[in-house]
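Participant: Got a structure here, written out as structure tokens. Questions coming.
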Amino acid sequence: MSTTTTTTSNHEQDIVPKQEPFVLMNPFHINIQDEKEFEEGWLDCARFLQTQDGFLKTALHKAIAPEKAHFQYMNYALWENPLKFSKAIQSMKEQGISKKLDQLEHECFPSLYQIHLEM
1 MSTTTTTTSN HEQDIVPKQE PFVLMNPFHI NIQDEKEFEE GWLDCARFLQ TQDGFLKTAL
61 HKAIAPEKAH FQYMNYALWE NPLKFSKAIQ SMKEQGISKK LDQLEHECFP SLYQIHLEM
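When the count follows full-length UniProt numbering, it moves up by one through the sequence shown with no breaks and lands on 119 for the last residue.
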């Protein structure tokens with residue numbers, strides 16, 4: 001009776017491309033008087049989204065010199081894949097989690113990105 005042992009070398013593992021997370025970059029332009037409400041609304045959404053499948057992490061960045069910046073805030077988040085992100089956003093909207101943000105006058109431009117060039 002013969003037995004075949006299959007092993008995976010490090011080289012073979014390197015052949016399988018590693019799936020990097022997708023990056024959400026969402027710049028926001030808001031009215032300066034709405035900063036507090038905007039930040040509260042963002043926190044509501046972030047707390048919900050962090051419970052969703054595929055969420056990895058998020059951070060809200062604020063411009064150091066908002067008077068010179070086109071956007072006062074930049075939301076940066078990592079997601080496992082675009083489908084999980086879309087499902088989470090749909091669920092958030094359906095449950096009214098983003099209501100506070102939706103009521104504020106603002107512009108946002110959410111887009112998902114993946115690494116294209118890296119050094």
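We treat Cβ as the ideally placed atom computed from N, Cα and C, and that holds for glycine.
Predicted model only: the values in this text are computed from it and were never measured.
1) In chain order, what residues of the same chain have a beta carbon less than 8 Å from the beta carbon of H106, not counting five sequence neighbours either side?
2) Under a three-way DSSP split, which group does M92 fall into?
3) Please return the same chain residues whose Cβ sits closer than 6 Å to the Cβ of N75, not counting the five positions on each side in sequence.
4) What three-state label does DSSP hand I30 in the structure shown?
5) Going by Cα to Cα distance, which pick from F48, A77 and Q19 is closest to residue 130?
6) Just to confirm before moving on: does the CB-CB distance between D53 and E80 stay below 9 Å?
7) Within the same chain, show all residues whose beta-carbon is closer than 8 Å to that of Y73, passing over the 5 residues directly before and after it, in chain order.
8) Out of P110, G96, L101 and F85, which has the shortest C-alpha to C-alpha gap to Q50?
9) In chain order, what residues of the same chain have a beta carbon less than 8 Å from the beta carbon of K100, not counting five sequence neighbours either side?
10) Since N75 sits in a beta bridge, which residues does DSSP pair it with?
Facilitator: Based on what the coordinates show:
1) The count along the sequence shown starts at 1 and reaches residue 106 at position 106. Contacts found: F28, H29, I30, N31, D34 and F38.
2) Here the question's residue 92 lines up with position 92 in the sequence shown. The answer is helix: DSSP assigns M92 an H, G or I state.
3) For the purposes of this step, residue 75 is taken as residue 75 along the sequence shown, with counting starting at 1. Cβ within range, chain order: N26 and L60.
4) The residue you call residue 30 lines up with position 30 of the sequence shown. In the structure shown, I30 sits in a strand (DSSP, three-state: E or B).
5) Outside the displayed range of the chain (1 to 119) lies residue 130, so it cannot be described from this structure.
6) Within the sequence shown, numbered from 1, the residue matching residue 53 stands at position 53. Within the sequence shown, numbered from 1, the residue matching residue 80 stands at position 80. It is a contact, given that the beta carbons lie within the stated cut-off.
7) The residue you call residue 73 lines up with position 73 of the sequence shown. For Y73, where only same-chain residues beyond five positions count, the Cβ hits under 8 Å are P27, F28, I30, F38, W42, L60, H61, K62 and A63.
8) For the purposes of this step, residue 50 is taken as residue 50 along the sequence shown, with counting starting at 1. Per the Cα distances, F85.
9) Taking the sequence shown and counting its residues from 1, the one referred to as residue 100 is at position 100. These residues qualify, in order along the chain: E37, E40, G41 and D44.
10) Sequence index remark: in the sequence shown, residue 75 carries index 75 (1-based). Beta-bridge pairing links N75 to N26 and L60.
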